[in-house]
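The numbers in this note's numbering rise by one with no breaks, and the one at position 14 of the sequence shown is 14. Virtual Cβ for every residue (Gly too), placed ideally from N, Cα, C. What follows is one structure encoded as structure tokens, with my remarks underneath.
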Amino acid sequence: MKITIHIETYTAAAYRAIRPAVVASNIGIFGVCGLTISATIKQSDYNRLIEVADHAAQSANIPHSEYAIITMQNIPQTP
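This is the structure in structure tokens:
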């Protein structure tokens with residue numbers, strides 16, 4: 001099953017730290033609108049993507065209050 005998530009960054013610094021890391025992870029399909037990064041990924045890759053985003057933020061000294069990771073919806077797969 002696939003899921004759609006949004007990584008909402010509230011500051012430009014958080015966006016600049018997180019976006020390159022999640023896109024480089026090559027985990028799913030990504031899109032950007034403003035300071036929000038959207039991803040459609042396999043449900044099994046969810047934890048990995050969270051770790052990538054959190055690690056990128058920690059490496060840039062970005063507090064968790066400057067971004068949020070929100071699961072938007074499950075996308076059922078057709079047989």
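If you reduce the DSSP assignment to three classes, tell me which class Tyr10 lands in. coil
Kindly indicate which residue of Ala53, Arg16 and Thr11 has the alpha-carbon position closest to the one of Ile27. Among Ala53, Arg16 and Thr11, the Cα nearest to that of Ile27 is on Ala53.
Distance cut-off 6 angstroms: Val23 Cβ against heavy atoms of the ligand FMN: In the structure shown, the ligand FMN is absent, as is every other ligand, since no ligand is present at all.
How long is the line joining the alpha carbons of Phe30 and Ala68, rounded to whole angstroms? One Cα belongs to Phe30, the other to Ala68, and the distance between them is close to 16 angstroms.
Rounded to whole angstroms, how far is the Cβ of Leu49 from the Cβ of Ile41, which I believe are closer than 8 angstroms? Going by Cβ atoms, the distance from Leu49 to Ile41 rounds to 6 angstroms, so yes, they are a contact pair.
Could you work out which residue in Ala39, Ile70, Gln58 and Glu66 is closest to Ala24 when comparing CA atoms only? With distances taken between Cα atoms, Ala24 lies closest to Ala39.
Does Ile62 come out as helix, strand or coil in the three-state DSSP assignment? coil
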